[in-house]
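Have a look at the structure below, then the notes.
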Amino acid sequence: MDNNDKNKATSCFLTTKKEEKNTMVHALRKTTTIATLALALSGVAHAEVWDLPSPQPADNYITENVTWFADQVREATDGELDIRVHPSGSLFPGDQIKRAVQRDQAQIGVHVLSAHQNENILYGIDSVPFLANSFEESAKLWEVTKPALDELMAEQNMQLLYHIPWPPQGIFFDREINMPADAEGLKFRAYNTATARFAELMGMTPTLIEEAELSQAAATGMVQSLISSGDPVYNHQLWDYLPYFYDAKAWLVLSHIFVNKDRWEALDEATRQEVLSIAAEAEQRGEQQARDLADTLKSQLSDKGVSINQPNEELQAEFKRIGEMMQEEWLEKAGAEGQRLFEEYRAIE
1 MDNNDKNKAT SCFLTTKKEE KNTMVHALRK TTTIATLALA LSGVAHAEVW
51 DLPSPQPADN YITENVTWFA DQVREATDGE LDIRVHPSGS LFPGDQIKRA
101 VQRDQAQIGV HVLSAHQNEN ILYGIDSVPF LANSFEESAK LWEVTKPALD
151 ELMAEQNMQL LYHIPWPPQG IFFDREINMP ADAEGLKFRA YNTATARFAE
201 LMGMTPTLIE EAELSQAAAT GMVQSLISSG DPVYNHQLWD YLPYFYDAKA
251 WLVLSHIFVN KDRWEALDEA TRQEVLSIAA EAEQRGEQQA RDLADTLKSQ
301 LSDKGVSINQ PNEELQAEFK RIGEMMQEEW LEKAGAEGQR LFEEYRAIE
């Protein structure tokens, strides 16, 4: 073999070695990339994602509260439980949220359970007129009724986490109301069975309208009256359509936050306790938000031209008549269990 052949052989040998080395490096990099990707995917797979539909808009204090709750849970669990809030009925309208959570179409939700008292009358105890019409009375009623609600919701595959009160409810009209007859025939926006019955007893025509539909309904004349804390009227800028408010203080309706029971029980005990701790804090925050809102809403609405009124004697007498009748009707449907809850509530000093 001459020198040229030796040089060619050496060059070929070095090239082969270099190619082998490059192949090994490439394979190592590929293996590392796959391992890293697998690890990342493993982390994603173990993150529990829960969807939380809310019927209220993002800037409503109910949605703000559950968003705070979701953020705190995400932080406390290092992202292992990721609750994603969907406001304004964008995922499910309000009347479908409870069923969606029962069926695990949404894992957690917020809604007024009184909208479902046609399923069980106990769901509507917070909407019995003039039974609990202050924050203090509402808290007492909650203390009495929560065990019964816990049991009822467990039977329907749900776990109740916490509740948020709305400010005391008054009545908005598109005209001045001096006597009950002035309200007869008006189109009334109802959001549960109790509000629909209230409207019927006042001679109005109730129509079930979700909050997300309020603006359009008012603009087209479908809503001439509604019972509310005032927050939906302010948020949806309905003051031009409903410029008269009567501070009836009928009740404090509650929004409830509840989770699919199977999803709840799949969490480890430490995570459940962490979530319950955050829920307790969110509940306190929610009540304070409602109290603050009750103090500011009337002045905000007044600034927009809404006439803020106390019911006169005739209206007050009518509200009292309706309240007594609806309490009797509720007790008749609720039976012994409802009577027991009423008695326990009234026994609290």
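Every letter in the sequence shown is one number past the one before it in the UniProt record's numbering, and letter 144, counting from 1, is 144. Here a beta-carbon is modelled for each residue, glycine too, at the ideal position from N, C-alpha and C.
Cutoff 6 Å; reference residue i; Cβ partners in own chain excluding five residues on either side
i: residue 159; result: 259, 261 and 264
i: residue 352; result: What is shown of the chain runs 1 to 349, which leaves residue 352 out entirely.
Exposure label - residue i; buried when at least 16 CB within 10 Å
i: residue 49; result: exposed
i: residue 150; result: exposed
i: residue 146; result: exposed
i: residue 56; result: buried
i: residue 225; result: buried
i: residue 240; result: exposed
i: residue 231; result: buried
i: residue 323; result: buried
i: residue 273; result: exposed
i: residue 179; result: exposed
i: residue 174; result: buried
i: residue 192; result: buried
i: residue 302; result: exposed
i: residue 109; result: buried
Backbone CA spacing between residue i and residue j [nearest angstrom]
i: residue 212; j: residue 133; result: 26 Å
i: residue 154; j: residue 327; result: 26 Å
i: residue 183; j: residue 200; result: 11 Å
i: residue 189; j: residue 83; result: 31 Å
i: residue 54; j: residue 255; result: 10 Å
i: residue 139; j: residue 348; result: 11 Å
i: residue 245; j: residue 267; result: 46 Å
i: residue 44; j: residue 269; result: With a pLDDT of 44 at residue 44, under the threshold of 50, the modelled position of that residue is not reliable, and the figure given next carries that caveat. Their Cα atoms are separated by approximately 21 Å.
i: residue 106; j: residue 97; result: 8 Å
i: residue 205; j: residue 129; result: 18 Å
i: residue 185; j: residue 171; result: 15 Å
Coarse secondary structure for residue i, derived from DSSP in three states
i: residue 171; result: strand
i: residue 103; result: coil
i: residue 302; result: helix
i: residue 345; result: helix
i: residue 195; result: helix
i: residue 317; result: helix
i: residue 71; result: helix
i: residue 251; result: coil
i: residue 190; result: strand
Cut-off 7 Å between Cβ atoms - residues of its own chain near residue i, not counting five sequence neighbours on either side
i: residue 310; result: 247
i: residue 123; result: 113, 114, 116 and 117
i: residue 271; result: 77 and 81
i: residue 156; result: 102
Start-to-end residues for the beta strand (DSSP E) that takes in residue i
i: residue 159; result: 158-165
i: residue 48; result: 48-53
i: residue 307; result: 307-309
Bounding residues of the alpha helix (DSSP H) (the contiguous stretch that carries residue i)
i: residue 77; result: Here residue 77 belongs to no alpha helix (DSSP H), and DSSP marks it neither H nor E.
i: residue 136; result: 135-155
i: residue 239; result: Unbroken run through residue 239: none, as it is neither H nor E.
Cutoff 8 Å; reference residue i; Cβ partners in own chain excluding five residues on either side
i: residue 338; result: 121, 122, 125, 330 and 331
i: residue 283; result: 162, 163 and 164
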